[in-house]
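If you want my numbering, it's the position in the sequence shown, counting the first as 1, plus 446. Each residue gets a CB set at the ideal place from its N, CA and C atoms; glycine is no exception. As the structure is a prediction and not an experimental result, all values here were calculated from the model.
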Amino acid sequence: MNPLPAITQLIKDVRAQGFFAKLGPAGSGMADPGWLSVTGRDALEFMHSQVTNDVTGLQPGEGNASARVNRQGQLLELFHLHRLPQPMGEDALGFLLPRTRIAQLMSLFEDAIFADDVHLEDQSESWEWWALQGTSAGSVLDHLWPIDQEEWASLPENASRFLSEPSDDTPPLLLRCSLAGDGGFLVGFPKPLKAAASQIDALSRASLEAGLIHLEEPALSEVLDSLRIEAGVVQMGSDTVGRKRILPETGLEQFTVSYTKGCYLGQEVIARVRTYGALPYSLRGLVLTSADLDSEGILLNLPKAGERILLSDGSKVGQWGSRTFSTHRESAVAYAYLDKTHRTPGAELDLFVSERRVSAEVVLLPFYRAPDQGDRVDWLYDRAVRDFAQGREADALTGLEEALRIDPSFSDGYEAMGVIFGRSDRFHEAIDVFKRLEEIAPDEPMVNTNLSLYFMKLGDKETAEAESAKAMQKDMAKASGRRIDDEALEHALVEQKRSDALRKKEMFGQILEIDPEDGIALFGIGNALAILEDWDGAVGAYSSAAEVDPENSAVHLAHGKALEKLLRFKEALSVYRLGMEVASRKGDLMPLGEMEHRALLLSTSENRS
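And the structure:
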């Protein structure tokens, strides 16, 4: 939704003061939340296998953001998942998401239930939800319902508490839940509401005394939608229409995916993208201005969500998402899925919108960050450094992950996380982190130096050398005071590799004319063909090389990777398993590690097919 000028001041006031509102069917999005209850003996284990984030590792009263994807890793649903405080030793989960999305999520889960003891119930009509959002929300709750030895605002995001010990009657449920970027809570009162009337009245009066603005529909949904866009909150529908989106394109995998939980539907695709793939599109923010249009005019003329983004020269660079007028930026802003060439933060794009030119600055989401969050990011970073120095690696990584959730542009956090992964021999994860950092800091040679180191640790000498060359080029550009042209550098490196591959193809071809069973020449021509992306030819060469020299583990690794490029996954898995036996027997640790990782991804896919 695009806010009209009449309510711009209201949005600004709500951002400054916070708000209190009854949520329900008159609203849209999270102004009308739904609640899916999941119980049963197998509830935790079943849901652990169905969603992207951890479930069995949650303690009662804890929660997280999570998602449901399909086998291809494409995003189907987003939600907050809560493991509720245990009433009588029973495990119960609650899923919070817009009411209109509940039926589809239930259907997805029901289709996967076979002999599991799992009970799903749409309880959206059983709860009345009230939102208490803003910096003073916690103090309102502390005044009304103090909790032992802590303040409500100190609870982590997605924590849950009952207001009293559960008995025969379900007590009110409080969820730590930020709807719009500032701290906040949702308070759920079970229906019928007769017993809760006095509590609702007390909450209303206390929020008013604390200066929170009381909102009602129709303004509530419009205000909340504008605030959630500023806060970088992705919404199913307006932010997922158009081409089918794999979860990592949204950037949400940073806090909706557990990479250590084991198998779940779509895991192999997300893990493969994390380790090996470059995303065709990634979600960014655009700050929009125009000499011909004011902000309202820009918003009215933008193409619909999911439609193509066009540069002034007619080239297509991505797809549009949600849009609004940001009172924080005092400008029209929009979500955009941008291709690799055009998504560097700080880039200026010259767009073509309804036959007019619009300037767009590319920024990392969110557009708005709560004023006190900068201090928390610094505190989390300092604590993580101390934790790692004292050998508490898991605590350090948890702190850095939270810091990056708050500030996705915090480059020191990415660097520290990458170094921790690297020192712990978690090289695939280190590479993923430094690839993210490269998009934020494309001119920094340190990023490519680290990538070179970790690719070399994995035995990928070719990629390591390419990253080292990039680092050298960026060092030279820094010394000369000029900015590196990433696209030109990438093109030059590719052309250099292709030229070298063509030369080697000819050279090894001449050797094979003399001796068709020369194992080194077969391996060499296979590598040259792989660089030239002649995957059928590469597979043939590697297969022959493996017959001539079956004890060469590097041949098996290269053979399997070429088969993956041809989508011949079962054959690739067989090749990796054979290669792992060879590498283990010979002590070839680098190729062994990569083959084990690739085989794990492929075997997960095989088990689910």
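| Asked | Found |
| --- | --- |
| C-alpha gap between Glu952 and Lys786, whole angstroms | 33 Å |
| Local Cβ density within 10 Å of Leu1047, reported as buried at 16 or more and exposed below that | buried |
| Beta-bridge partners of Trp481, as assigned by DSSP | Leu542 |
| Anticipated Cβ contact below 8 Å, Ser772 with Ala477, distance rounded | That pair is no contact at about 19 Å. |
| Trp575 - containing beta strand (DSSP E), residue span | 573 to 579 |
| Whole-angstrom distance between Gly868 and Ala923, CA atom to CA atom | 27 Å |
| Beta carbon of Leu456 nearer than 8 Å to that of Val669 | yes |
| The region 705 to 717 contacting the region 756 to 771, beta-carbon criterion three pairs below 8 Å | no |
| Same chain, Cβ closer than 6 Å to Leu826, neighbours up to 5 away in sequence not counted | Gly845, Glu848, Ala849 |
| Close beta carbons around Lys950, own chain, < 8 Å, minus the five adjacent residues each side | Gly970, Ile971, Asn973, Ala974 |
| Beta-carbon proximity of Trp481 to Gly540, cut-off 8 Å | yes |
| Three-state class that DSSP yields for Trp981 in the structure shown | helix |
| Whole-number beta carbon distance between Thr895 and Val703, since they are thought to touch under 8 Å | With 8 Å as the limit, Val703 and Thr895 do not qualify as a contact, their Cβ atoms being about 27 Å apart. |
| Within 8 Å, strictly: CB atoms of Gly630 and Gln463 | no |
| Beta carbon of Glu597 nearer than 8 Å to that of Asp588 | yes |
| Under 8 Å between C-beta atoms of Val1028 and Ser999 | yes |
| 8 Å CB neighbourhood of Ala665 in its chain, flanking five on each side removed | Ile453, Leu456 |
| Ordered list of alpha helix (DSSP H) runs contained in the region 726 to 801, each at least 4 residues | 741 to 747 |
| Helix, strand or coil at Gln520 according to DSSP, with G and I counted as helix | strand |
| C-alpha gap between Pro749 and Leu732, whole angstroms | 14 Å |
| Beta-carbon proximity list for Gln700, same chain, < 8 Å, skipping 5 on both sides | Glu847, Leu850, Arg851, Pro854 |
| C-beta contact flag for Phe608 and Leu619 at 8 Å | yes |
| Of the listed residues Met1036, Pro817, Pro996, Ser989, nearest to Gly1018 (C-alpha basis) | It should be pointed out that residue 1018 corresponds to Ala in this sequence rather than to Gly. Closest by alpha carbon: Ser989. |
| For Ile559, the nearest candidate out of Arg461, Ala1004, Ala489 (CA to CA) | Ala489 |
| Where the alpha helix (DSSP H) through Arg822 begins and ends | 819 to 835 |
| Neighbourhood of Glu571 by C-beta, 8 Å cutoff - its chain only, sequence neighbours within 5 removed | Lys637 |
| Reduced DSSP category for Asp568 - H, G, I as helix; E, B as strand; rest coil | strand |
| Inter-residue Cα distance where the pair is Tyr781 and Ala835 | 39 Å |
| Residue ranges of each alpha helix (DSSP H) within the region 881 to 932, 4 or longer | 891 to 903, 907 to 926 |
| Endpoints, alpha helix (DSSP H) assigned at Gly868 | 857 to 869 |
| Through-space distance from Ala717 to Tyr705, alpha-carbon basis | 7 Å |
| Extent of the continuous beta strand (DSSP E) run through Ile659 | 659 to 661 |
| Cβ contact check for the region 785 to 803 and the region 811 to 823: 3 or more pairs under 8 Å | no |
| Euclidean distance between Cα positions of Ile877 and Lys762 | 29 Å |
| Buried or exposed (CB count within 10 angstroms, at least 16 for buried), Ile960 | exposed |
| Residues near Gln518 by beta carbon distance below 8 Å, same chain, minus five either side | Lys690, Ile692, Gly712, Val715 |
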